[in-house]
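**Q** Numbering (our numbering), first residue to last: 9 to 254.
I'd like to ask you about the structure that follows.
Structure below.
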């Protein structure tokens, strides 16, 4: 998955945003939120997109510390999901380090940033993309630490991602004994195949790129949606094969 920093055309935007923040880490979150609101007032689309970028950077910084150790692999994973031009590296690093050092906890970040880039509805697709990105970082060192899992579960709760929906997200990323295709689709092995097919088609429709654009999800997030689609397709194919063999 890869969030393209270029698509926001943010060189001048982030110069303005970071110029309004300052360098002291103690209250970085408050200054970031207020800067986003003021700098991009009257432009809700740009505000949503920049807010998402801030959410990914800030929560990635907190995520990397969830198990008490920031590894090189986790930093590399951050770069994999968040692509940006070389000339913007100093801006990204500055915000990442401010978030990591900020006295505010991750719950404060999640709450305020969700209000900026989320829809306010349960199971918001844009916020689900944030959770997907954080899972990618958490898995980077080959081990999902229990503190990282608790971090992700709490983030999902703050984002109003319900428990059942979170379990489906978890099933896409963590499958110690093999991926459970029924859980990925949110169906039961007791369901008849027609119901499973209907659920699968609904999920595919909901995550189609055109639907994401209509909801205001930035194009940069579509790579995450494609990864999600691949998991849905694989789950449906596995169930279909199982039912044909029965």
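Built from N, CA and C at the ideal position, the CB exists for glycine as well.
Since the structure is predicted, the reported quantities are computational estimates derived from the model, not experimental observations.
#1: If you measure between the beta carbons of residue 169 and residue 139, is that distance less than 8 Å?
#2: Report the rounded CA-to-CA distance for residue 165 versus residue 171, giving the unit in angstroms.
#3: So what's residue 180 in DSSP terms, helix, strand or just coil?
#4: Check whether the region 183-193 touches the region 240-254, taking contact to mean three or more Cβ pairs, one atom from each stretch, closer than 8 Å.
#5: Using the Cβ count rule (16 or more neighbours within 10 Å means buried), how would you classify residue 202?
#6: Rounded to whole angstroms, what's the CA-CA distance from residue 197 to residue 102? Just pull it up for me.
#7: With a cut-off of 8 Å on the beta carbons, I'd call residue 142 and residue 71 a contact; round off their distance for me.
#8: Among 59, 147, 204 and 136, which one has its Cα closest to the Cα of residue 81?
#9: Got a sec, what are the start and stop residues for the alpha helix (DSSP H) residue 335 sits in?
#10: Give the C-beta separation of residue 107 and residue 69 to the nearest angstrom, bearing in mind that I take them to be a contact with Cβ-Cβ under 8 Å.
#11: From residue 73 to residue 65, what distance separates their C-alpha atoms?
#12: Figure out for me which residue from 199, 200 and 233 has the closest Cα to the Cα of residue 212.
#13: So, at 7 Å on beta carbons, what are the nonlocal neighbours of residue 239 in its own chain, with the 5 sequence-adjacent residues on each side left out?
#14: Could you tell me if residue 109 is buried or exposed, where buried requires 16 or more neighbouring beta carbons within 10 angstroms of its beta carbon?
#15: For residue 251, which residues from the same chain have a beta carbon less than 7 Å from its beta carbon, with the 5 sequence-adjacent residues on both sides left out?
#16: Classify residue 195 as helix, strand or coil using the three-state DSSP reduction.
#17: I need the straight-line Cα distance from residue 199 to residue 236, nearest angstrom please.
#18: Would you report the Cα separation of residue 120 and residue 248, rounded to the nearest angstrom?
#19: Residue 162 and residue 115: beta carbons closer than 8 Å?
#20: Drop a sphere of 10 angstroms on the beta-carbon of residue 62, count the other beta-carbons inside from all chains shown, and report buried for 16 or more, exposed for fewer.
#21: Decide if residue 40 is buried, meaning its Cβ has at least 16 other Cβ atoms within 10 Å, or exposed.
**A** In terms of the structure at hand:
#1: Yes; because the gap between Cβ atoms is below 8 Å, this pair is in contact.
#2: 8 Å
#3: DSSP, reduced to helix, strand and coil, places residue 180 within a helical segment of the structure shown.
#4: yes
#5: exposed
#6: Rounded to the nearest angstrom, the two C-alpha atoms are 49 Å apart.
#7: 5 Å
#8: Residue 81 has its Cα closest to that of 147, out of 59, 147, 204 and 136.
#9: The structure shown has nothing for residue 335, since the chain only spans 9 to 254.
#10: Taking C-beta atoms under 8 Å as the contact rule, residue 107 and residue 69 qualify, at a distance of about 4 Å.
#11: 13 Å
#12: 233
#13: 180 and 192
#14: exposed
#15: Within its own chain, the residues whose Cβ lies closer than 7 Å to the Cβ of residue 251, once the five positions on either side in sequence are excluded, are 201, listed in chain order.
#16: Note: residue 195 maps to coil in three-state DSSP.
#17: 22 Å
#18: 42 Å
#19: Less than 8 Å separates the beta-carbon of residue 162 from that of residue 115.
#20: buried
#21: Buried, because 16 or more other Cβ atoms sit within 10 Å of the Cβ of residue 40.
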